[in-house]
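Visitor: Numbering (this note's numbering), first residue to last: 1 to 81. Dumping the structure here so I can ask a few things about it.
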């Protein structure tokens with residue numbers, strides 16, 4: 001029980017005692033949470049939509065030196081889908 005009280009005392013003394021350190025802790029925690037949540041949601045989105053996003057299929061539609069700047073996918077590309 002003594003170590004638990006020591007942790008609480010340290011947290012109170014260094015974070016909650018002064019308003020400025022409390023606000024700083026809230027801001028830092030919010031930024032960390034936001035970045036973690038964003039990466040997690042992005043990973044889930046990427047996994048669900050694998051093979052359907054532009055970066056996954058752009059090789060089929062990239063310019064291959066055509067004069068008009070647009071090339072249609074070949075029959076081999078269509079068969080691969």
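The beta-carbon is built from N, C-alpha and C at its ideal position, and this holds for glycine as well. Source: prediction; values computed, not measured.
Quick one: what does DSSP say residue 17 is sitting in, helix, strand or coil?
Guide: Reduced to three states, the DSSP call for residue 17 is coil.
Visitor: Indicate the three-state DSSP secondary structure (helix, strand or coil) for residue 4 in the structure shown.
Guide: It is helical.
Visitor: Check whether the Cβ atoms of residue 14 and residue 21 sit closer than 8 Å, and answer yes or no.
Guide: A contact, by the Cβ cut-off of 8 Å.
Visitor: Between residue 55 and residue 42, what straight-line distance do the alpha-carbon atoms span, to the nearest angstrom?
Guide: Going by the C-alpha atoms only, they are around 14 Å apart.
Visitor: Look up residue 53 in the DSSP assignment and say whether it is helix, strand or coil.
Guide: Residue 53: coil per DSSP, three-state reduction.
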